[in-house]
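In our numbering, the protein residues as written are 2 to 57. Scroll down for the structure; my scribbles are underneath it.
The structure is reproduced here in structure tokens:
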């Protein structure tokens, strides 16, 4: 998997995870799970402060 931070917005336990295996436990099998891979900690902080959608 890619490196970065995995932000779970909808799953068993929402939050930010450093590894895919930790994130996968929260979203696998969870209906309508939402997550995003963030490339930097700064982007993660900015998104949580502004509750913005990630840009492409």
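Yeah, the Cβ is synthetic: ideal placement off N, Cα and C, and Gly gets one too.
- Counting only residues of its own chain and dropping the five nearest sequence neighbours on each side, residue 13 has a CB closer than 7 Å to the CB of 27 and 31.
- If you look at residue 7, you'll find it in the beta strand (DSSP E) that goes 6 to 11.
- The closest CA to that of residue 42, considering only 10, 15 and 19, is found on 19.
- If you draw a straight line from the Cα of residue 29 to the Cα of residue 4, it is about 19 Å long.
- With a threshold of 16 other beta carbon atoms within 10 Å, residue 10 falls short and is exposed.
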